[in-house]
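Residue numbers (our numbering): -3 to 269.
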């Protein structure tokens, strides 16, 4: 854990246009850059029992059907819908996935501070606060109010106890979490999950190149503070994060659209001070 003053590195995706200069003061809503935030991968069903409703270059709306597949031996149909507004970019050669590119978006500072330096792929901000570095994580930079949950012991308990109240929030669990937690948080629109620990194997099933969420795409930002296995938060991290309950904090993975298993860079949580 690091105390003020801090340098916060904000990664800028390729093709984005930086809108700030060294020395500028920034507020959480200040636009650092404009451009495509990310791409989303939509997995297609095995086999060819589906029909694409969109072709590369077509615009799409969030919730709009981009493919339809047969179910129940042709007696039923299921729609595959776009998770975002944007453009259908491509379909891979094996017809197992399609790539959707989000509309041009504004990349905001999310914190208060001053621009220290600007480079092609990053903006460095000088900020005040406390930083907790994660042992592992992924996902884009987000900010949200800390909402605390307790340890769940069964998948059914996860489904009963997590609901719409997590939308837009940074969800904190000071102990081990089941793999169902992060997928349930994704369903309800949580911004991030900050947890002490989780099991690697079921997580890898989700985020591997052949999983439904490659490199964490489509999942909330994740910061694992202590490691894989069963661990609780250490006393210092538990105290700092616990005191932040109800406050807006910043959370980010170490890289854009790829996994990093041995930093630097690191996943991190910043509690503004």
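Don't be surprised by glycine CBs; every beta carbon is placed ideally from N, CA and C.
Pairwise C-alpha distance: residue j and residue i
i, j, result
"residue 175", "residue 199", "6 Å"
"residue 153", "residue 180", "11 Å"
"residue 74", "residue 183", "18 Å"
"residue 96", "residue 86", "7 Å"
"residue 29", "residue 116", "11 Å"
"residue 109", "residue 255", "28 Å"
"residue 230", "residue 258", "20 Å"
"residue 26", "residue 106", "8 Å"
"residue 151", "residue 194", "14 Å"
"residue 223", "residue 135", "17 Å"
"residue 82", "residue 66", "26 Å"
"residue 227", "residue 170", "9 Å"
"residue 208", "residue 46", "18 Å"
"residue 53", "residue 138", "29 Å"
"residue 235", "residue 225", "21 Å"
"residue 205", "residue 267", "32 Å"
"residue 31", "residue 64", "30 Å"
"residue 252", "residue 102", "16 Å"
"residue 40", "residue 3", "41 Å"
"residue 60", "residue 149", "36 Å"
Proximity of residue i and residue j at Cβ, strictly below 8 Å
i, j, result
"residue 186", "residue 216", "yes"
"residue 124", "residue 112", "no"
"residue 211", "residue 203", "yes"
"residue 241", "residue 167", "no"
"residue 188", "residue 238", "no"
"residue 36", "residue 155", "no"
"residue 145", "residue 158", "yes"
"residue 221", "residue 233", "yes"
"residue 1", "residue 122", "yes"
"residue 190", "residue 265", "yes"
8 Å CB neighbourhood of residue i in its chain, flanking five on each side removed
i, result
"residue 114", "14, 16, 17, 18 and 120"
"residue 118", "5, 6, 7 and 8"
"residue 62", "38, 48, 49, 50, 56, 76, 77, 78, 84, 94 and 96"
"residue 104", "24, 25, 26, 27 and 28"
Close beta carbons around residue i, own chain, < 6 Å, minus the five adjacent residues each side
i, result
"residue 263", "130, 133, 219, 249 and 250"
"residue 201", "207"
Neighbourhood of residue i by C-beta distance below 7 Å, restricted to the same chain and skipping five residues each side
i, result
"residue 21", "110"
"residue 269", "0, 124, 125 and 126"
"residue 80", "36, 58, 96 and 98"
"residue 147", "169, 171 and 172"
Specify whether the region 125 to 134 and the region 6 to 15 touch according to this definition: at least 3 beta carbon pairs, one from each stretch, less than 8 Å apart. no
Do the region 245 to 257 and the region 151 to 165 make contact, defined as three or more Cβ pairs closer than 8 Å? no
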